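Per my numbering, the sequence shown starts with residue 66, numbered consecutively.
The beta-carbon is built from N, C-alpha and C at its ideal position, and this holds for glycine as well.
Quick caveat: nothing in here was measured; it's all calculated off a predicted structure.
First the structure, in the form of structure tokens, and then the observations on it.
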Amino acid sequence: MNPQPLPNEHHTSRYIGPLKIYQSFDGKRRVEGESFLPRADYPPGTGPEEFVSVDWLEHFTGTRRQQLDQVRKAVEDRGRKASRSGGFAVVNVLDIKTAGFNNGRKLLVHTTGELYDPSHSGIYGLTPEDEFIAQEIAFKATIENALD
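This is how it looks when you write it as structure tokens:
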């Protein structure tokens with residue numbers, strides 16, 4: 066399966082552990098910006114991550130809750146356990162690209178092309194030093210409960 070770009074009007078979701086979610090002064094749940102940075106050396110000894118792992122929400126049908134439940138299953142199938150106090154950061158694709166553009170970086174959002182994990186996607190074009198861009202993406206995110 067070939068990678069495909071996600072439409073600008075669609076959304077990505079990224080599972081965020083409970084330690085990276087906080088309550089902001091405006092009462093909204095927010096996510097730490099570092100959650101959208103690629104790791105500097107992953108896998109160890111290979112250099113920075115190629116992309117920030119996300120899932121394509123609209124790959125799944127149903128309500129937003131049903132889509133997130135299917136994403137949670139996909140994330141758990143990859144070996145990551147979702148906790149009740151964790152959440153999904155949901156961000157519009159165009160908002161991600163705009164955060165890059167506003168800071169001189171061209172970001173791409175597309176599927177990884179995995180046959181058995183078709184919702185698995187990535188944010189490409191970020192470096193581990195792009196803290197300001199990652200913070201802007203995090204600010205655009207809405208936090209949805211990982212488990213309902």
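DSSP places E179 in no alpha helix (DSSP H); its state is neither H nor E.
Here R94 is bridged, per DSSP, to Q88. Contact between G151 and A211 holds, since their C-beta atoms are separated by about 4 angstroms, short of 8 angstroms. H185 and L71 do not touch by the CB rule: their CB atoms are close to 12 angstroms apart, not below 8 angstroms. A139 and L180 have their C-alpha atoms spaced approximately 13 angstroms apart. Closest option to K162, judged by alpha-carbon separation, among K171, H76 and V155: K171.
Counting every other CB atom within 10 Å of its CB across the protein chains shown gives F197 a total below 16, marking it as exposed.
The beta carbon of Y189 sits closer than 6 angstroms to the beta carbons of F116 and L173 from its chain, once the five residues preceding and following it are set aside; these are given in chain order. When V155, G169 and S89 are compared, the shortest CA-CA separation from S118 is found for V155. Taking C-beta atoms as the reference points, S78 and L133 count as a pair closer than 8 angstroms. The residue from R94, E114 and H76 with its alpha-carbon nearest to that of P103 is E114. Taken in chain order, the unbroken stretches of beta strand (DSSP E) that lie wholly in the segment 131 to 170 and span 3 residues or more are 152 to 157.
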